[in-house]
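Visitor: In case it helps, mature numbering (1 follows the signal peptide of the UniProt record, and there is no 0) puts the sequence shown at residues -25 to -1, 1 to 355. C-beta: ideal position from N, C-alpha, C; glycine also. My questions will all concern the structure given below.
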Amino acid sequence: MRTTMETRSSTSLLLISLIFSFLSALIVPSTALGFTCINTTTTSCESLIDYIPPNDTTLVSISSLFGVTNFYSLLGANLFSLSTPSSQSFAANDTIRIPFPCSCSNGSGISDKVPMYTVKSGDSLDSIATNVYSRLVTYQEIAQVNNISDPSLIDIGQNLWIPLPCSCDKVNGNSIVENQVVHYGHLVAKGSSVDQIAMEYGIDANTLSELNGISNANQLQAGQLLDVPLTVCDSVVGKGSEDYPLLVANGTYALTAYNCIQCKCQPNIYISNITMVLQCEPSQGVKPSNISQCPSMECSNSGLLIGQTSNCKVCDYAGYVNTTILTSYDSFSTSNCSVLVKGLAGSAEASKVATMCFSAFGREIGFGIPRFGGGSALRQ
């Protein structure tokens, strides 16, 4: 009798243990979300992330998948022409950068309630994370932000928030002063290294390693998502402007002031201590947003439009308030012009620079070659 009782007791304990183990497996553990974001002053910002579509698609489909409401922001993030149609095809397995709003809290940054994905027949959290969003997130992260305790139980038609990693932190690099940047979730290519990535995007390799907790360069793996802090161009846009701070990342452009102004930040030719400054001009072929026509973009008493230069003076974009576009008309040292032309001596650009001279605040005229820009994956 005792043996039978002991056997039943052991069987019961084993059954309880198995049930407990099964239930424990269903509980989604809390995981660290997003990139590190400890900024206490700026809790929201704009970020970028790489996406590699598994199948041929279109730009409008990509925009819809990631909840990109401003199509021009997708074009600008990839340096695609403003005339690129939303129906433009995009090749499978090529990389496109996605712009999205970022929100920081509790020491981490994730996308601000976007994108939202609607569950379809046959979907699972793992297939959504892996096949739809190309492993930019894990199924555990999706479950966590959507308060799903059992990841196997999702309903057709259910809307899921996909928490893309991001950050709004300033980065100091090699300097004491912290600088504003645009954080970019970069997918590591096969054979790439920390030094190569740092050089490609013009940032410090040590900063890149520290930001991503990389103590050994051999830790870098293909497909790994790195937080790359992209430099932003300096501008004269003031705090009173409705688009302040206008942060345009290295290798991108943005439309502002009702889509009337296009501002580019491209790495051109560096000379001496010249820094990159935003290059703005009237946008071409773009319908104004929320107004019937664009306001005046001329600098007072100059005869110059924003982006134009004459006799070592420049008409620059300084922001907008209500329906008024603000401008800045500045002169700069002719010695800068001569230094630049001397630096380009013998090149095809010398005569062009000598004529157009040098833009304000040590800015290069936009004849440089972008470090990265879209186009190769677009299909006609």
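Could you compute how far the alpha carbon of D98 sits from the alpha carbon of C20?
Guide: If you take the alpha carbons of D98 and C20, they lie about 31 Å apart.
Visitor: Among L40, T15 and T18, whose alpha-carbon lies nearest the alpha-carbon of Y26?
Guide: If we check each option's Cα against that of Y26, L40 comes out closest.
Visitor: Look up S80 in the DSSP assignment and give the residues it is bridged to.
Guide: S80 pairs with S83.
Visitor: Here's the rule I'm using: 16 or more other beta-carbon atoms within 10 Å means buried, otherwise exposed. How should T227 be labelled?
Guide: It is buried - the Cβ of T227 has at least 16 other Cβ atoms within 10 Å.
Visitor: What do you get for N225, buried or exposed, if any count of 16 or more other CB atoms within 10 angstroms of its CB means buried?
Guide: That one is buried.
Visitor: Could you check which residue in D130, A67 and P138 has the C-alpha nearest to that of I24?
Guide: Measuring from the Cα of I24, the nearest candidate turns out to be P138.
Visitor: According to DSSP, is A104 helix, strand or coil?
Guide: If DSSP states are grouped into helix, strand and coil, A104 belongs with the helices.
Visitor: Just checking my contact of S258 with N234 at CB under 8 Å: how many whole Å lie between their CB atoms?
Guide: At roughly 6 Å, the Cβ-Cβ gap stays under 8 Å, so S258 and N234 are in contact.
Visitor: For the putative contact between V146 and V156, defined by C-beta atoms under 8 Å, what is the C-beta separation to the nearest angstrom?
Guide: The pair is a contact, with the Cβ atoms about 5 Å apart (cut-off 8 Å).
Visitor: Could you pull out every residue in the same chain whose Cβ sits closer than 8 Å to the Cβ of I37, ignoring the five residues on either side in sequence?
Guide: Within the same chain, I37 has close Cβ partners Y26, P28, V43, L49, F65, I71 and I73.
Visitor: Taking 8 Å as the threshold, find out whether the stretch 78 to 97 comes into contact with the stretch 123 to 137 through three or more Cβ pairs.
Guide: Touching, per the Cβ criterion.
Visitor: How many Å lie between S267 and L201 at the Cα?
Guide: So the two alpha carbons sit approximately 42 Å from each other.
Visitor: Tell me, which residues are paired with A229 by DSSP?
Guide: In the DSSP output, where bridge partners are listed per residue, A229 has C238.
Visitor: Please classify N53 as buried or exposed, where buried requires at least 16 other C-beta atoms within 10 Å of its C-beta.
Guide: Classification of N53: buried, given that the 10 Å Cβ count is 16 or more.
Visitor: F10: which of S102, T206 and N81 sits nearest, CA to CA?
Guide: When only C-alpha atoms are compared, the closest one is N81.
Visitor: For A197, count neighbouring Cβ atoms within 10 angstroms of its own Cβ and tell me buried if that reaches 16, exposed if not.
Guide: Counting Cβ neighbours within 10 Å, A197 comes out exposed, since fewer than 16 surround it.
Visitor: Helix, strand or coil for A118, going by three-state DSSP, please let me know.
Guide: It is helical.
Visitor: Assuming D305 and M251 make a contact with CB atoms under 8 Å, what is their CB distance in whole Å?
Guide: Contact flag wrong, Cβ pair sits at about 17 Å.
Visitor: Taking only three categories from DSSP, how would you classify residue 368?
Guide: The requested residue 368 does not occur in the structure, where the chain is confined to residues -25 to 355.
Visitor: How far does the beta strand (DSSP E) with D25 in it reach, from first residue to last?
Guide: D25 -> beta strand (DSSP E) spans S19 to Y26.
Visitor: Taking the straight line between their C-alpha atoms, what separation do you get for V120 and Q237?
Guide: If you take the alpha carbons of V120 and Q237, they lie about 36 Å apart.
Visitor: For the pair the stretch 121 to 129 and the stretch 163 to 174, tell me if three or more CB-CB distances fall below 8 Å.
Guide: Output reads no: the stretch 163 to 174 does not touch the stretch 121 to 129.
Visitor: Does N265 come out as helix, strand or coil in the three-state DSSP assignment?
Guide: N265: coil per DSSP, three-state reduction.
Visitor: Give me the residue from L100, Q254 and C77 with the minimum Cα distance to S142.
Guide: The shortest Cα separation from S142 among L100, Q254 and C77 belongs to C77.
Visitor: Between the stretch 212 to 226 and the stretch 284 to 295, are three or more C-beta pairs nearer than 8 Å?
Guide: With a cut-off of 8 Å, the stretch 284 to 295 and the stretch 212 to 226 count as touching, because enough Cβ pairs lie within range.
Visitor: DSSP on residue 367, reduced to helix/strand/coil?
Guide: Only positions -25 to 355 of the chain appear in the structure, and residue 367 is not among them; the question remains open.
Visitor: How would you write the range of the beta strand (DSSP E) that N134 sits in, first residue to last?
Guide: Where N134 is concerned, the enclosing beta strand (DSSP E) stretches over N134 to W136.
Visitor: Go ahead and pull the three-state DSSP assignment for S334.
Guide: Residue placement at S334 is flagged as unreliable, the pLDDT there being 41, under the threshold of 50; the coordinate-derived value follows with that caveat. Looking at S334 - three-state DSSP - the assignment turns out to be strand.
Visitor: Need the endpoints of the alpha helix (DSSP H) that M272 sits in, please.
Guide: It is not in any alpha helix (DSSP H) - M272 carries neither H nor E in the DSSP assignment.
Visitor: Rounded to whole angstroms, how far is the Cβ of T302 from the Cβ of C290, which I believe are closer than 8 Å?
Guide: Indeed they touch by this definition, with Cβ atoms about 6 Å apart.
Visitor: Please report the straight-line C-alpha distance between S(-17) and N191, rounded to a whole angstrom.
Guide: Because the pLDDT of S(-17) is 48, which lies under 50, any placement of that residue in the model is unreliable, and the number read from its coordinates should be weighed accordingly. Whole-angstrom Cα-Cα distance: 52 Å.
Visitor: Have a look at H161 and G278 and give me their C-alpha separation to the nearest angstrom.
Guide: Taking the straight line from one Cα to the other gives about 43 Å.
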